[in-house]
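Novice: If you're matching them up, the sequences are chains A and B in order. According to numbering that gives the first Met the number 0, the first sequence is numbered sequentially starting from 0. According to numbering that gives the first Met the number 0, the second sequence is numbered sequentially starting from 0.
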Amino acid sequence: MINLGVTGRISLRALLVNKMRSFLTMLGIIIGVGSVITMLAIGAGAGQKLSEQVSSLGSNLLMIFSGSATSGGQRMGAGTEPTLTLGDAEAIRKELSAVAEAAPFVNGVAQAVYGNQNWSTIIQGTTPPIFEIRDWNVTSGRLFTWEDVRGATKVCLIGVTVAENLFGGIDPVGKIINVKKVPFTVIGLLEKKGESPDGRDQDDTIYLPVTTAQKKVLGGAYGDSVRLIFVKAKSFDRLAEAEEQINALLRQRHRIGAKQDDDFSVRNITQLLQSAEQMVRIISLLLMAIASVSLLVGGIGIMNIMLVSVTERTKEIGIRMAVGARGADIRFQFLIEALSLSLIGGALGIVLGIGLAQVISYFADWPAIITPASILLAFGFSSGVGLFFGFYPAYKASKLNPIDALRYE
Amino acid sequence: MPLIRLSDVTKIYGAENKHPFTALAGVSLQIEAGEFAAIMGPSGSGKSTLMHILGCLDTPTTGEYHLEGDNVDRLRGDQLAAIRNKKIGFVFQGFNLIPRTNAVENVELPMLYSNTPPEERRRRAAEALRRMGLAGWEGNRPNELSGGQQQRVAIARAIVNDAPLILADEPTGNLDTKTSAEIMELFVRINREEGKTIILVTHEADIAAYSRRIIRVRDGLIVDDERREGR
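1. How big is the Cα-Cα spacing for Ala241(A) and Asn59(A)?
2. Counting beta carbon pairs with one atom in the stretch 24 to 32 of chain A and one in the stretch 253 to 273 of chain A, are three or more of them shorter than 8 Å?
3. Could you confirm whether any beta carbon from chain A is found closer than 8 Å to the beta carbon of Tyr112(B)?
4. Along the chain, where does the beta strand (DSSP E) that runs through Arg65(B) open and close?
5. For Asp87(A), does the count of other Cβ atoms within 10 angstroms reach 16, so buried, or fall short, so exposed?
6. If we cut at 8 Å on Cβ distances, does His65(B) have a partner in chain A?
7. Could you tell me whether any Cβ in chain A is nearer than 8 Å to the Cβ of Ile97(B)?
8. Based on the DSSP secondary-structure assignment, which residues constitute the bridge partners of Ala167(B)?
9. Can you give me the C-alpha to C-alpha distance between Ile175(A) and Thr184(A), rounded to a whole angstrom?
10. So which residues on chain B does Val16(A) lean against when the C-beta distance must stay under 8 Å?
11. Assign Lys174(A) to one of three DSSP states: helix, strand, or coil.
12. Buried or exposed: which applies to Pro116(B), given that a residue is buried once 16 or more other Cβ atoms fall within 10 Å of its Cβ?
13. At which residue ranges does the stretch 13 to 56 of chain B contain complete beta strand (DSSP E) runs of 3 or more residues, listed in the order of the chain?
14. In the DSSP assignment, what residue or residues form a beta bridge with Asp69(B)?
15. Whose CA, out of Ile3(B), Pro1(B), Lys10(B), Arg4(B), lies closest to the CA of Leu220(B)?
16. Could you tell me whether the Cβ atoms of Gly323(A) and Asn84(B) are closer together than 8 Å?
17. Can you tell me where the beta strand (DSSP E) with Thr138(A) in it begins and where it stops?
18. Round the Cβ separation of Ile299(A) and Lys231(A) to the nearest angstrom and send it over; I've been treating them as touching at under 8 Å.
19. If the cut is a Cβ gap below 8 Å, which residues of chain A does Leu108(B) touch?
20. Sort Gly4(A), Ser50(A), Leu14(A), Leu23(A) by Cα distance to Glu276(A) and report the nearest one.
21. Taking only beta-carbon atoms, is Arg325(A) less than 8 Å away from chain B?
22. Of all the residues that make up the stretch 197 to 221 of chain B, which are near chain A by a beta-carbon distance shorter than 7 Å?
23. Just checking my contact of Leu66(B) with Gln149(B) at CB under 8 Å: how many whole Å lie between their CB atoms?
24. Helix, strand or coil: which one does DSSP assign to Thr100(B)?
25. Would you please state the rounded distance, in angstroms, between the beta carbons of Leu95(A) and Gln244(A)? I believe it to be under 8 Å.
26. What does Ala81(B) reach in chain A if we use C-beta pairs closer than 9 Å?
27. Using a Cβ-Cβ cut-off of less than 9 Å, give me the residues of the stretch 152 to 171 of chain B that come near chain A, in sequence order.
28. Inspect the beta-carbon positions of Thr196(B) and Leu2(B) and report whether they are closer than 8 Å.
29. Which partner residues of Phe118(A) appear in the DSSP bridge assignment?
30. Look at the Cβ atom of Thr210(A), then the Cβ atom of Thr120(A), and state whether they are nearer than 8 Å.
31. So with Cβ pairs under 8 Å, would you call Arg12(A) a contact of chain B?
32. Among the residues of its own chain, which have a CB less than 8 Å from the CB of Asp218(B), if the five just before and after it don't count?
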């Protein structure tokens, strides 16, 4: 077998002679490999983003929204008719076997004031189980307790964004802030939670005991009602069971007849995210399939151009055979040439894919993760394509009869 | 031991067809090492077929071919390639250099297939070119060389692997008279000074005149074998 270095040089020279043709031949591989890399990067990024969201939400979650209000024939959307109550939340938490924890939420927007600083932020009222459901903790101070809920004490927990805007650098724990002219003692600073799945800053919030929020801040509009209830099922397998139990319990508590519609709705967050994940996987697979078709077409292009190349260089093959090249030498030469085409195409495709993934990730605000494995896969694919589609032309070249090949003009 | 011994060699094309064509009808021939022989004959006489068999580019249908005492008439493709590589140097009418490949790389070609180390390849190729009077032209590509120069590169390629036998098929067919004479002088020198056996295939009498033996072929048979004083 002749030397690889020499053969590589011969191949590269042959490819450089027809630069345009070589480039066009590579294009299929470039596009194929580029899309494989992009898809893998975007797919991995999507997976990572989704799993971050799942873990930021907490696992095995259900959300119950109040039913929609109807005002002059216009339905106002979920949560507008305050049908859920604190009692519902407690009943769900205590009575249902498939439910681990439940916490209600009321919310509103208010101006918070500390000294000469003020900041408009979201006020959320809830109960202690939320800390367990969402896995929240304080970095300093303490969380509020059932005592605080029962006594509707004027205490609050603040998020990092609120602390930065009201207190700058100083420790907020123990300070008094005013919300709607009511003084609240800051008892704890919550850990940074980052963005919610819909892109809101979850740290730009003040949390109060739900009773305090209802009575002191959000006013009479709420009364005893809550806007939504977070529920954590005992396990992932029992999510559906928990949903059924909640439906049954709330229909009974709200005295909804068999033919009437629910005045609440239950959303299975974990399932939503999981089906989103599944969707991302399916879309990635589809795009991968398209990418493989492109690779296949690219491979056929390589085979086509290699057959042309073998025919064009029949005389050269004859000369090489006359001076002693064996079939294997000729086969090797053309195989290396096909491999060079596909590997150079593959390398360009990897560059294109990385670039494309960055561009998409920039515009879609979606992380692109390029793993060494995906680059290895792309190289494997392109060399496989080169070898597979290069073999037949190379074999054909090696089987030429030297006399006929020398006579070829 | 003769360099070449053909015993009753035939070559029949399309033996399985209704109308097979007999290119060689039974040729016996001995050529000693160091001879300078010309094979002459009109087109269709079988001289090309004879040259292909002598050059191990083709195998006889029947009969035996011994080259340096080894029986080569039943060898397969890769074994024939190895024989061509080590024992035979070809010079063709159309020069048959590889385009876009410079002179020294063209001369290196046979050594590429005999696993000669790169430095030795380069050294021997440059030396062969120098002997052909082409020192300084190593980096030129075939399209940058005259016909005579191209044929010198081809001769350098034929001698570079130190093959005992040089087969030249109408080597002056594409050259003018003056250049033809220069090329033929080179063959004479290679034959005299290096003791290479040269077999020349030609239909031109004044080219054949450089040889010391003229073998005439007609209708697939040797019709005349004349030894004479060369120029």
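A virtual CB, placed ideally from N, CA and C, is assigned to each residue, including glycine. What you are looking at is a predicted structure, and each value in this text was computed from that prediction instead of being measured.
Specialist: The structure says:
1. 10 Å
2. no
3. yes
4. Position check: residue 65(B) holds His in this sequence, whereas Arg was assumed. Start and end: 61 to 66.
5. buried
6. no
7. yes
8. Val90(B), Leu199(B)
9. 5 Å
10. Arg99
11. coil
12. exposed
13. 20 to 30, 35 to 39
14. Leu66(B)
15. Lys10(B)
16. yes
17. 137 to 140
18. Not quite, the Cβ-Cβ distance comes to about 54 Å (not below 8 Å), so this is no contact.
19. Ile318, Arg319, Val322
20. Ser50(A)
21. yes
22. none
23. With a Cβ gap of about 28 Å, Leu66(B) and Gln149(B) do not count as contacting.
24. coil
25. 4 Å
26. Gly323, Arg325
27. Arg156, Ala157, Asn160
28. yes
29. For the record, residue 118(A) in the displayed sequence is Trp; it is not Phe. Ala111(A), per the DSSP bridge assignment.
30. no
31. yes
32. Ala24, Ser44, Gly45
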